[in-house]
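Chemist: Numbering (this note's numbering), first residue to last: 27 to 493. Provided herewith is a single structure, encoded as structure tokens, for subsequent inquiry.
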């Protein structure tokens, strides 16, 4: 476990205390006042505050507290998938009070995969296998009674199980191969309702690099938000986080331009043809680095490489939204950790992500004088790329102008609503004061989205550590 103690001062008069863990593909659930994340390779961690995390488990081996005799317990799954590890799971609590883990294993170089359910009386296990519910990658007839075609049928991995606003239970899943699918489940048993096969396709085909679906319903907007990861997960893969939305849990889903996500498919004549599906979905975050400014010679840089495979959480009591994901980092290779960022709905009902990790901040009521000054500016673009977007210097002036690397205008509306116009394109979002680890203090930030689904961030040049 890595521990980072922030310096003097902090949000609301307190200093954020971060304890970092490694859980790839973290799926979040809150139980008994504690947040848990479950991820690939039977890894898990927990936190009371989404900042200080404690590792619970980390390796698929006998003795793992989640499934102590995993090699025997899931032997059928490992045999089918020709694998000795597990991929991204999801855990949900059903009406009987028990916790249901949707696990999956995949060969990796093909969609030969199996997905099953294990159950436990306690969230930290031990979990007992209930059996496989779906298989994919077979030669011949698939689970839907049709010939399995990897370009059109799902790879049965990356499950997310959720209740809709009417109490129906669903599972969205899929990775690469034939796309992202959704199945309705029995809310009592957690198993798929009969005669659905692989379920309903929401997007993808022809091995489009789109995976890691996660659904979040917002009672504020009455939309279901389908989060997705595009690209490859490694440091050179260009992983990036996207979102689409629908009024119904099973779609149809659209992006901010109204494009149908069912059209987000790969090129049948070229494997992993990223530019074909890159225009679909609102891109919330990709590779970036906030470079040190001239006035911050001692500050360490801050950024992410291949952030992705997220989950999301809405706290009904506080009205806060959180994005939970794993990420790699500049100059650190394949090393990865869990990160949590706060999200906000902009005036068009799309989530915008705070530029810095969550440090306990609450969005406030700001004045124009709180906003003005120099910012490190990031435009996340729309592409799927391993290139890192480096920050550029801009200034938000007192007369509402933006000068520097890009030009335009800005305005503060209401308490914290941001309107940013850059080179004639309008971005809608929020201003937020939050903790910046790199400079050991609080800074003003902005996060906003354009109509075509491009995210821009700004982080104020260090105001110095709070005292």
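Yeah, the Cβ is synthetic: ideal placement off N, Cα and C, and Gly gets one too.
If we count the other Cβ atoms within 10 Å of its Cβ and call it buried at 16 or more, is residue 343 buried or exposed?
Modeler: Residue 343 should be labelled exposed.
Chemist: Beta carbon of residue 461, beta carbon of residue 381: below 7 Å?
Modeler: Not a contact, by the Cβ cut-off of 7 Å.
Chemist: Looking only at C-alpha atoms, which of 316, 218, 43, 144 sits nearest to residue 78?
Modeler: When each option's Cα is compared against that of residue 78, the closest is 43.
Chemist: Relative to the C-alpha of residue 185, which residue among 237, 264, 81, 104 is closest?
Modeler: It is 237 whose Cα lies nearest to the Cα of residue 185.
Chemist: Between which two residues does the alpha helix (DSSP H) holding residue 461 run?
Modeler: It is not in any alpha helix (DSSP H) - residue 461 instead sits in the beta strand (DSSP E) that spans 451 to 462.
Chemist: In angstroms, rounded to a whole number, what distance separates the CA positions of residue 181 and residue 371?
Modeler: Near 32 Å, if we compare the C-alpha coordinates of residue 371 and residue 181.
Chemist: Could you tell me which uninterrupted beta strand (DSSP E) segments, each at least 3 residues in length, are contained entirely in the segment 213 to 292, listed from first to last along the chain?
Modeler: 226 to 229, 236 to 244, 249 to 256, 266 to 272, all fully within the segment 213 to 292.
Chemist: Would you mind working out which of 487, 425, 407 sits nearest residue 451, comparing C-alpha positions?
Modeler: The candidate whose alpha carbon is nearest that of residue 451 is 407.
Chemist: Just tell me which of 379, 97, 385, 106 has its CA closest to the CA of residue 481.
Modeler: That would be 379, whose Cα lies nearest to the Cα of residue 481.
Chemist: Measure the alpha-carbon distance for residue 263 versus residue 313 and round it to whole angstroms.
Modeler: So the alpha carbons of these two residues sit roughly 10 Å apart.
Chemist: Which whole-angstrom value is the C-beta distance of residue 245 and residue 196, which I expect to be below 8 Å?
Modeler: Their Cβ separation, rounded to whole angstroms, is 17 Å, which puts residue 245 and residue 196 out of contact at 8 Å.
Chemist: Let me check understanding here. Comparing Cα to Cα, which of 404, 54, 189, 83 lies closest to residue 75?
Modeler: Of 404, 54, 189, 83, the residue nearest in Cα terms is 54.
Chemist: Determine the extent of the beta strand (DSSP E) in which residue 418 is found, giving its start and end residues.
Modeler: Where residue 418 is concerned, the enclosing beta strand (DSSP E) stretches over 418 to 422.
Chemist: Is the beta carbon of residue 431 closer than 7 Å to that of residue 474?
Modeler: Taking 7 Å as the Cβ cut-off, residue 474 and residue 431 do not qualify as a contacting pair.
Chemist: Return the CA-CA distance between residue 288 and residue 144, expressed in angstroms with no decimal places.
Modeler: So the two alpha carbons sit approximately 32 Å from each other.
Chemist: Sort 368, 409, 132, 441 by Cα distance to residue 390 and report the nearest one.
Modeler: It is 441 whose Cα lies nearest to the Cα of residue 390.
Chemist: Which residues in the same chain as residue 329 place their Cβ atom closer than 8 Å to its Cβ, once the five residues preceding and following it in sequence are excluded?
Modeler: Taken in chain order, the residues that qualify are 313, 314, 315, 316, 355, 356, 414.
Chemist: Is residue 297 buried or exposed, if buried means 16 or more other CB atoms sit within 10 Å of its CB?
Modeler: It counts as exposed.
Chemist: With a cut-off of 8 Å on the beta carbons, I'd call residue 254 and residue 307 a contact; round off their distance for me.
Modeler: Rounded, the Cβ-Cβ distance is 6 Å, consistent with contact.
Chemist: Using the C-alpha atoms, what's the distance from residue 395 back to residue 208?
Modeler: C-alpha separation (whole angstroms): 48 Å.
Chemist: Should residue 191 be labelled buried (16 or more other beta-carbon atoms within 10 Å of its own) or exposed?
Modeler: Exposed is the call here.
Chemist: Quick check on the burial criterion: 16 or more other C-beta atoms within 10 angstroms. Buried or exposed for residue 361?
Modeler: Exposed, because fewer than 16 other Cβ atoms sit within 10 Å of the Cβ of residue 361.
Chemist: When you compare only the Cα positions, how much space is there between residue 479 and residue 268?
Modeler: Spanning the two alpha carbons is a distance of roughly 9 Å.
Chemist: Short check: CB of residue 131 to CB of residue 107, under 7 Å?
Modeler: Yes; because the gap between Cβ atoms is below 7 Å, this pair is in contact.
Chemist: Between which two residues does the alpha helix (DSSP H) carrying residue 103 extend?
Modeler: Element bounds for residue 103: 101 to 107.
Chemist: Could you tell me whether the segment 146 to 154 touches the segment 91 to 101, where touching means 3 or more Cβ pairs closer than 8 Å?
Modeler: The answer is yes - the segment 91 to 101 touches the segment 146 to 154, with three or more Cβ pairs under 8 Å.
Chemist: Roughly how many angstroms lie between the CA atoms of residue 490 and residue 448, to the nearest whole one?
Modeler: With a pLDDT of only 49 at residue 490, under the threshold of 50, the placement of this residue in the model should not be trusted, and no figure is reported.
Chemist: From which residue to which residue does the beta strand (DSSP E) around residue 117 run?
Modeler: Here the beta strand (DSSP E) through residue 117 covers 116 to 119.
Chemist: In this structure, what does DSSP give as the bridge partners for residue 377?
Modeler: According to DSSP, which records beta bridges pairwise, residue 377 is partnered with 371.
Chemist: Could you check whether the Cβ of residue 208 sits closer than 6 Å to any heavy atom belonging to the ligand GDP?
Modeler: What this structure holds is no ligand at all, so the ligand GDP is not there to describe.
Chemist: Judging by CA-CA distance, which residue of 309, 126, 109, 120 is the nearest neighbour of residue 138?
Modeler: Nearest option by C-alpha distance: 109.
Chemist: So what does DSSP say about residue 68, is it helix, strand or coil?
Modeler: Helix.
Chemist: Are the beta-carbon atoms belonging to residue 183 and residue 201 less than 7 Å from one another?
Modeler: For residue 183 and residue 201, yes; Cβs fall inside 7 Å.
Chemist: Taking 7 Å as the limit between beta carbons, can you name the residues of its chain near residue 302, skipping five residues before and five after?
Modeler: Hits under 7 Å: 292, 293.
Chemist: Take the Cβ of residue 101 as the centre, count every other Cβ of all protein chains shown within 10 Å, and call the residue buried at 16 or more, exposed below.
Modeler: It counts as exposed.
Chemist: Is the beta carbon of residue 339 sitting closer than 7 Å to the one on residue 369?
Modeler: No, they are not a contact pair.
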